[in-house]
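Engineer: Residue numbers (my numbering): 723 to 902. Glycine residues also receive a C-beta, built at the ideal position from the N, C-alpha and C atoms. Note that this is a predicted model, so its numbers are computed, not measured.
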Amino acid sequence: MAKILYSATMSLDGFIAGPGGDMSWLTEHLGPNPPIDEVIGKIGALLVGNRTFRGDDPHKGVPDKEGKPFGGGWSGPQFVLTHHAPATPVPGVTFVADLDSGVAAAKAAAGDKYVNVLGAEVARQCLDAGVLDEILVCVAPVMLGDGVRLFDHPGGTNVKLERVSLTHAPGATNLWLRVV
């Protein structure tokens, strides 16, 4: 059965995107990261937030990478949570209106692989719904000062996590956690 994994690259001060959703900061931190490359091969489907799907791309202007998940390192079914699906279909993308149907569809498509969550708001919703299994954070050596936080839940409760692994790559420290 598929597990739900939230993965993101985060600045040391806790941001996954800069102000206004700017992802250009990430471009210089997209170097080789063997543990992440291994995880990408274990992803069966994506569950993506609308803001992430329509947002900025750290691969902007890079042929064969722009607009593709993980810069073209992954392909497969994507499920985008939105109340405003585009009129024109997008190949490989299914638009879903609610979290429950999105999670069910993504898990069915992923089989025994991971459903990878892209987007802080969807990750927060998955955590609140009790369906988030694991979190993989690549901590980049930079501080952004403002932007979109990895998790933002004012007034939220403590969430117990258990470390699965801690690995290092040339441009990041990877912290893999299990939601207890």
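Cα separation between residue 903 and residue 872?
Structural biologist: It is not possible to answer for residue 903, since the shown part of the chain is limited to 723 through 902.
Engineer: Using C-beta distances below 6 angstroms, list every residue in its chain close to residue 781, excluding the 5 sequence neighbours before and after it, in chain order.
Structural biologist: For the purposes of this step, residue 781 is identified with residue 59 of the sequence shown, where counting begins at 1. Correct list, in chain order: 787, 788 and 793.
Engineer: Taking the alpha-carbon of residue 836 as reference, which of 815, 766, 886 and 783 has the nearest alpha-carbon?
Structural biologist: As a working note, residue 836 is residue 114 in the sequence shown. The option with the nearest alpha carbon to residue 836 is 766.
Engineer: May I ask you to report which of helix, strand or coil DSSP gives residue 884?
Structural biologist: Working through the sequence shown from its first residue, we reach residue 884 at position 162. Here residue 884 sits in strand by DSSP.
Engineer: Using 10 angstroms around the beta-carbon of residue 732, count the other beta-carbons present and answer buried if the total reaches 16, otherwise exposed.
Structural biologist: Here residue 732 corresponds to residue number 10 of the sequence shown, with the count starting at 1. Residue 732 should be labelled buried.
Engineer: With respect to the alpha helix (DSSP H) encompassing residue 823, which residues constitute its N-terminal and C-terminal limits?
Structural biologist: Stepping through the sequence shown from its first residue, residue 823 is reached at position 101. First-last of the alpha helix (DSSP H) with residue 823: 821-832.
Engineer: What is the rounded straight-line gap between the Cα of residue 886 and the Cα of residue 854?
Structural biologist: Here residue 886 is taken as the residue at index 164 of the sequence shown, counted from 1. Here residue 854 is taken as the residue at index 132 of the sequence shown, counted from 1. In a straight line, the C-alpha of residue 886 is about 15 angstroms away from that of residue 854.
Engineer: Count the CB pairs spanning the region 822-841 and the region 746-755 that are closer than 8 angstroms, and state whether there are at least three.
Structural biologist: Touching, no, given that fewer than three Cβ pairs across the two stretches are closer than 8 angstroms.
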